[in-house]
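Beneath this line is the structure, given in structure tokens, with notes to follow.
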DNA sequence: CGGTGCCTTGATTTTCATCAACACCTGTGG
DNA sequence: CCACAGGTGTTGATGAAAATCAAGGCACCG
């Protein structure tokens, strides 16, 4: 297997304060892995033996309830750490991580967490900064679920995905990984029927263009308005 | 002001691994404060100048949306750290903290965070463990809001409060701080009308007894069933 | 070329927010 | 000490939003 290049990490927050030789050390401890679309990186409840960095692709974090319903908690974008249960003193993963599109990932054994955070200056700080940001998003989601109507929630979810993974096309901005109506329903706490109706209506209005497992947003600003975000 | 006793902290997770003299040091750096019911410990968006430990009472963390709606994110119980924005690399508080009942709190300046976590072994680890637990709760809440019906959500909220703050009385278990119907609505993303109707119905069924700003749960197990928790 | 997964659309039903009115408790100030 | 105001709680009537029930179509894969 070819050696990984240091530039992969140099610009990412947890590593940005580190000198090249240190990055080399860290990289040499990592195992690169490839996951095809739909493959699980780890599963809810299993021992948290590793933590991960997403290099390329998109990963979906889901959670299954005792009742059997599943919800999509968040999407991980390239450059982000995930599965950082070890950083939070957990010994099992709180959710399942599935590759939303083909993904390339670096994995480190959980026991290295402690040495990374004590040895590499800024590593822990930067990581906890992203934990803080993620908690902020969770609060946001809760607030949204508690107060907003379904239409606004679906609009928000699309806006979020566009911001995280949008790719420009001639038709508008395309969400960068396959999404089904049912996925969107699991993100917003509604049903695929309602999502389908909303997308159809928006398509008639020229706000989005939908395809099979695909959404292209042609009028992002109008979607933001629909989402009821702060003006 | 009288000197604080070391035993206050010795049994609490972030300090439990520390020797008495170290606890003394930490305690001498703390400012004790008292907040009457309804007083704000800190407010959303303000510079996070301090972090806190709740010694006695209950603190409610709320968040206000651009639209003006307010939601109650969580309740802090005695022995827990809160306002730990500094630990997550934030320089403002993400929410507002209000004393739900008269509360006694220790406050430390935010800049001490870094030295605490590097100097005192286990302090950071234990704190991040509680951060992890709190994230777990947030996931839980999201899942609940996304999949459960109002009745189950209200039942869950009561169960949570009972677990956190329940006091045994002759009539059943009483929630340990004043709660209005409207508070419960803000926790569950519903309206005070619906909460009132549910509590009335449950009172007829002998599951709870309600009073002004008070809830006593007489049949906790039946409430757990209603909440749709895992069996 | 049959099957499965994904999507759409209509009809019906349920849940819960909203609108509305009133009762009660508690503390305050005249 | 009483009146009254503001916060709290109850309950009924109504309507809108979204889930559920139902049926079918289309695209992709083996």
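Chains as they are written, first to last, in our numbering: chain A, 1 to 231; chain B, 232 to 462. All residues carry an ideal CB built from backbone N, CA and C; glycine is no exception.
Cα-Cα separation between residue i and residue j, rounded to whole angstroms
i: residue 319 of chain B; j: residue 184 of chain A; result: 29 Å
i: residue 377 of chain B; j: residue 411 of chain B; result: 24 Å
i: residue 303 of chain B; j: residue 385 of chain B; result: 13 Å
i: residue 124 of chain A; j: residue 449 of chain B; result: 46 Å
i: residue 235 of chain B; j: residue 280 of chain B; result: 22 Å
i: residue 397 of chain B; j: residue 406 of chain B; result: 5 Å
i: residue 437 of chain B; j: residue 431 of chain B; result: 10 Å
i: residue 367 of chain B; j: residue 359 of chain B; result: 12 Å
i: residue 404 of chain B; j: residue 293 of chain B; result: 25 Å
i: residue 435 of chain B; j: residue 374 of chain B; result: 29 Å
i: residue 36 of chain A; j: residue 191 of chain A; result: 27 Å
i: residue 28 of chain A; j: residue 248 of chain B; result: 34 Å
i: residue 70 of chain A; j: residue 43 of chain A; result: 13 Å
i: residue 299 of chain B; j: residue 255 of chain B; result: 43 Å
i: residue 131 of chain A; j: residue 363 of chain B; result: 9 Å
i: residue 395 of chain B; j: residue 344 of chain B; result: 27 Å
i: residue 261 of chain B; j: residue 119 of chain A; result: 29 Å
i: residue 337 of chain B; j: residue 194 of chain A; result: 49 Å
Candidates the options, of which the one nearest residue i by Cα
i: residue 288 of chain B; options: B/296, B/373, B/312; result: B/312
i: residue 177 of chain A; options: A/140, A/127, A/62, A/216; result: A/216
i: residue 225 of chain A; options: A/30, A/174, A/159; result: A/159
i: residue 138 of chain A; options: B/399, B/356, B/325; result: B/325
i: residue 282 of chain B; options: B/436, B/321, B/341; result: B/341
i: residue 13 of chain A; options: A/66, A/31, A/78, A/143; result: A/78
i: residue 101 of chain A; options: A/214, A/220, A/203, A/229; result: A/214
i: residue 103 of chain A; options: A/167, A/140, A/32; result: A/32
i: residue 108 of chain A; options: A/229, A/83, A/39, A/206; result: A/83
i: residue 329 of chain B; options: B/435, B/373, B/434, B/269; result: B/269
i: residue 140 of chain A; options: B/247, B/296, B/393; result: B/296
i: residue 352 of chain B; options: B/257, B/459, B/453, B/451; result: B/257
i: residue 211 of chain A; options: A/68, A/130, A/196; result: A/196
i: residue 41 of chain A; options: A/144, A/10, A/54; result: A/54
i: residue 255 of chain A; options: A/117, A/68, A/43, A/134; result: Any property of residue 255 of chain A remains undetermined from this structure, which presents chain A solely from 1 to 231.
i: residue 246 of chain B; options: B/298, B/357, B/301, B/299; result: B/357
Under 8 Å by beta carbon: chain A residues contacting residue i
i: residue 343 of chain B; result: The premise fails here: residue 343 of chain B is roughly 15 Å from chain A at the closest Cβ pair, so nothing lies under 8 Å.
i: residue 378 of chain B; result: 65, 67, 69, 71, 189
i: residue 356 of chain B; result: 89
9 Å Cβ cut-off: residues of chain B touching residue i
i: residue 138 of chain A; result: 366, 369, 370, 372, 373
i: residue 94 of chain A; result: 363, 366, 367, 370
Residues near residue i in its chain [Cβ-Cβ closer than 8 Å; skip 5 each side]
i: residue 462 of chain B; result: Unreliable placement is indicated for residue 462 of chain B, whose pLDDT of 49 sits below 50; the coordinate value is still reported in the next sentence. Hits under 8 Å: none found.
i: residue 171 of chain A; result: 209, 216, 218
i: residue 151 of chain A; result: 198, 226
i: residue 277 of chain B; result: 323, 324
i: residue 365 of chain B; result: 305
Close Cβ partners of residue i (< 7 Å) along its chain, the five nearest in sequence each way excluded
i: residue 115 of chain A; result: none
i: residue 225 of chain B; result: An answer regarding residue 225 of chain B cannot be provided, because it is not within the stretch 232 to 462 covered by chain B.
i: residue 222 of chain A; result: 207
i: residue 393 of chain B; result: 404, 406, 448, 451
i: residue 239 of chain B; result: 286
i: residue 182 of chain A; result: 192
Chain B contact residues for residue i, given Cβ-Cβ distances below 7 Å
i: residue 57 of chain A; result: By Cβ distance, chain B contributes nothing, its closest Cβ being about 23 Å from residue 57 of chain A, past 7 Å.
i: residue 129 of chain A; result: 319, 320
i: residue 83 of chain A; result: By Cβ distance, chain B contributes nothing, its closest Cβ being about 13 Å from residue 83 of chain A, past 7 Å.
Proximal residues to residue i (C-beta, below 6 Å), its chain only, five neighbours per side dropped
i: residue 20 of chain A; result: 6
i: residue 265 of chain B; result: 335
i: residue 242 of chain B; result: none
i: residue 202 of chain A; result: 208
Whole-angstrom C-beta distance between residue j and residue i, which should lie under 8 Å
i: residue 220 of chain B; j: residue 323 of chain B; result: The requested residue 220 of chain B is not part of the displayed model; chain B covers only 232 to 462.
i: residue 321 of chain B; j: residue 306 of chain B; result: Not really, about 21 Å apart at Cβ, beyond 8 Å.
i: residue 459 of chain B; j: residue 399 of chain B; result: That belief does not hold up - the Cβ atoms of residue 459 of chain B and residue 399 of chain B are roughly 25 Å apart, past 8 Å.
heavy atom of the ligand HEM below 7 Å from residue i C-beta
i: residue 160 of chain A; result: The ligand HEM is not among the ligands present in this structure, which contains no ligands whatsoever.
Residue i: contacting residues in chain A (beta-carbon distance under 9 Å)
i: residue 276 of chain B; result: What residue 276 of chain B touches in chain A: nothing, since even the nearest Cβ is about 12 Å away.
Neighbour list for residue i in chain A, Cβ cutoff strictly below 7 Å
i: residue 459 of chain B; result: 67
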